[in-house]
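Taking it in order: structure first as structure tokens, then the write-up.
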């Protein structure tokens with residue numbers, strides 16, 4: 163072996179030893195922590211968004227104290243109030259009139275007074291009623307005014323009030339007393355004495371105005387799992403409209419396809435041997451239908467999104483800013499998330515974007531299921547948005563915000579971490595092109611989206627409400643449904659109304675319809691509604707006139723009246739429908755925003771239904787009306803318990819007024835029909851169960867505004883794509899070579915229950 167070979171081998175050996183030493187020295191070393199940089203500050207007027215801010219707990223308490231001292235009537239804490247008492251049902255923000263707000267935001271006018279809206283139940287009066295008061299100014303109230311007649315045209319009848327937790331407790335006590343009258347039946351059917359059965363309400367409550375008669379469905383209850391999949395076949399009808407709880411009565415009993423006058427009658431039929439009983443075993447926790455307990459130990463962690471230099475968005479009070487976007491956010495305890503003054507690049511696009519209602523309408527051959535039409539606003543879409551699970555409901559590193567409410571009690575409650583904000587990498591380019599002809603280059607842009615999310619648990623269902631803001635100026639609104647299906651006891655021809663999903667469980671068909679208000683202000687308040695769609699025209703080719711060409715032709719139309727702009731649910735609608743400004747862009751087209759709906763809605767209630775007017779918003783997938791301060795919402799919490807004489811009927815909003823160059827509102831319905839199936843056990847999955855809509859710029863800009871995004875990537879064949887200065891993707895290996903600073907996991911969401 164010659165000297166040169168020896169030297170080469172020696173050099174290789176030294177290099178190998180050096181590499182091994184480096185590995186050993188770095189092994190086990192903790193990566194450096196990611197250094198957070200402050201997000202770019204947006205040019206936002208300080209504190210203006212607070213005009214839309216939800217009430218603080220201190221403000222709510224001030225309103226309660228003021229009402230207790232100034233109404234001149236005794237007020238009982240709603241948590242223990244009987245129907246014959248007076249109580250404060252809820253306190254929420256009174257959103258100022260739009261004209262006042264715009265004078266303040268845009269015209270340098272005075273800040274509108276901060277006020278609250280208080281809902282009171284007056285049961286201790288000669289004529290019990292529901293009244294609404296505006297109380298202000300906050301934080302130190304000095305006046306109140308009754309706005310009930312102004313809002314609704316008269317006093318709101320007392321029977322329309324939502325059922326309180328105290329009322330449910332009293333109903334449950336009545337049902338338990340009645341179940342004690344059928345001990346042998348309960349032992350035979352359910353291995354139960356009744357005390358361990360779960361009781362589920364239905365709604366509405368009767369068949370005519372003034373009724374307060376509710377079917378309650380009974381289920382086997384197993385701790386740690388959802389009872390909704392374990393009906394025992396027993397349902398009871400309770401009349402609870404009297405002001406005196408002692409006069410409430412159980413009116414009827416249903417079991418396995420038969421109706422009985424009382425539980426005593428049910429017991430007599432059983433003892434006489436004339437009742438067919440389906441004997442159900444008490445379900446065990448490890449084998450109960452619908453258990454969500456893991457069946458396998460945890461595996462290795464999945465991908466974890468993190469921000470190497472910290473969040474690129476900012477949250478101050480109720481204001482979020484992100485790459486040109488600014489959004490004021492809040493939560494209505496009844497109707498859920500609401501956003502205001504949504505701007506992009508400093509220009510207001512949307513004045514208000516808010517959820518209005520969520521309807522769940524069921525079919526079954528059992529009385530509880532067949533009569534159920536839940537209007538979730540009356541239960542509390544915002545109130546029941548509980549703490550989010552860090553790392554599952556939202557990314558681990560998201561920003562979590564508390565929400566406060568005052569309902570059915572004199573003291574405010576807090577749902578901690580019940581709203582989250584995060585930047586989402588959609589794992590698909592917002593736009594891209596690979597050029598393989600003429601010049602060779604690649605250009606693209608990450609599709610990173612700001613997401614505002616909250617999740618409401620409304621009895622059995624969980625609704626995931628998303629509001630998403632894209633880098634091209636588009637807004638996306640999306641809702642997913644998950645949670646447990648509701649079920650009926652399988653008997654007779656039950657499968658005409660769903661699918662069997664368990665030994666005695668019928669997954670009952672139902673539809674989910676959600677309604678939104680979108681007050682678009684596109685390049686100003688005065689907008690018109692324009693549609694575009696395609697037709698084929700048959701023409702001779704102009705160069706030879708020998709052949710016919712089927713040429714797509716653009717058909718444009720400006721809609722003049724509200725009746726033209728009310729598009730029935732599931733009917734064909736123009737493919738392009740836009741709110742248009744009178745001002746053109748650089749190319750001469752009206753600056754516009756397009757509404758694009760993604761929905762698979764079921765059929766709306768027939769218009770000859772006695773309760774259809776209470777949900778008449780559901781007639782339309784889209785309806786555009788002139789904005790009116792006296793039409794703030796498409797529904798009312800009072801519609802649930804009196805749908806036959808609705809307090810607010812959306813159909814009345816549409817009266818063929820002119821909608822050209824006016825301040826307009828788009829009312830949008832999305833939803834889907836759900837026929838439960840085996841794969842809905844244990845839980846309905848979000849896959850395929852998401853609907854929503856887009857608000858997309860359409861000639862609003864002169865080009866795609868995302869060209870100014872700092873997230874753009876471009877390199878040509880003549881550049882070194884590995885150079886960090888030319889290609890930000892080449893910087894990731896060093897920029898992301900740090901450990902995210904994850905806060906310890908904690909959860910306190912059970913504390914308020």
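In the working numbering, the protein residues as written are 163 to 915. For every residue, glycine included, the Cβ atom is placed at its ideal position computed from N, Cα and C. Given the structure is predicted, the values throughout are model-derived calculations rather than measurements.
- Annotated three-state conformation of residue 364 is coil, per DSSP.
- Of the other Cβ atoms in all chains shown, fewer than 16 fall within 10 Å of the Cβ of residue 369; this residue is therefore exposed.
- For residue 582, no alpha helix (DSSP H) segment is defined; the enclosing uninterrupted segment is the beta strand (DSSP E) at 575-598.
- Per the Cβ contact rule, the region 755-762 is in contact with the region 845-862 (3 or more Cβ pairs under 8 Å).
- Between residue 692 and residue 738, the alpha-carbon positions lie close to 8 Å from each other.
- When rounded, the separation of the alpha-carbon atoms in residue 817 and residue 806 is 21 Å.
- For the 9 Å CB-CB criterion, residue 399 and residue 415 form a contact.
- The DSSP-derived three-state label of residue 630 is strand.
- At the C-beta level, residue 848 and residue 838 stay beyond 9 Å of one another.
- In this structure, residue 563 keeps its C-beta atom at 9 Å or more from the C-beta atom of residue 586.
- The C-alpha of residue 210 is placed about 7 Å away from the C-alpha of residue 267.
- Distance from the CA atom of residue 328 to the CA atom of residue 444, rounded to whole angstroms, is 29 Å.
- CA-to-CA, the gap between residue 353 and residue 573 works out to about 41 Å.
- Ranked by Cα distance from residue 621, the options 546, 895, 708 and 428 are led by 546.
- Shown here, residue 620 sits in a strand according to DSSP, grouped into three states.
- Exclusion of the five residues before and after residue 713 leaves 698, 699, 700 and 701 as the residues of its chain whose Cβ lies within less than 8 Å of its Cβ.
- Between the alpha carbons of residue 615 and residue 719 lies a distance of about 36 Å.
- Residue 588 has its alpha-carbon roughly 29 Å from the corresponding atom of residue 735.
- For residue 340, the uninterrupted alpha helix (DSSP H) run begins and ends at 327-341, by DSSP.
- Secondary structure within the region 412-446: the alpha helix (DSSP H) runs of 4 or more consecutive residues, fully enclosed, are 425-433 (chain order).
- Three or more beta-carbon pairs separated by less than 8 Å link the region 210-220 to the region 241-260, which places the two stretches in contact.
- In the structure shown, residue 824 falls within a strand segment according to DSSP collapsed to helix, strand and coil.
- Counting C-beta atoms within 10 angstroms of its own C-beta, residue 295 has 16 or more neighbours from the protein chains shown and is therefore classed as buried.
- Pairing residue 772 with residue 519 gives a Cβ-Cβ distance that is not under 9 Å.
- If you draw a 10 Å sphere on the C-beta of residue 232, you find fewer than 16 other C-beta atoms in it, and that means exposed.
- Residue 303 sits close to residue 225, with the two beta carbons spaced by under 9 Å.
- If you look at residue 249, you'll find it in the beta strand (DSSP E) that goes 248-256.
- Residue environment for residue 454: exposed (fewer than 16 other C-beta atoms within 10 angstroms of its C-beta).
- Between the region 574-582 and the region 547-556, the count of C-beta pairs closer than 8 Å reaches three or more; the two stretches touch.
- In this structure, the alpha-carbon of residue 886 lies about 48 Å from that of residue 784.
- DSSP places residue 521 in the uninterrupted beta strand (DSSP E) bounded by 509-524.
- Here the region 527-537 does not lie against the region 598-614, with fewer than 3 beta-carbon pairs under 8 Å apart.
- Rounded to whole angstroms, the separation of the alpha carbons of residue 715 and residue 695 is 8 Å.
- Residue 491 and residue 727 have their alpha carbons spaced roughly 29 Å apart.
- When only Cα atoms are considered, residue 513 and residue 571 end up about 32 Å apart.
- Annotation: the region 667-732 contains the following complete segments of the beta strand (DSSP E) (minimum length 3 residues), in chain order: 667-670, 672-682, 688-702, 710-721 and 728-730.
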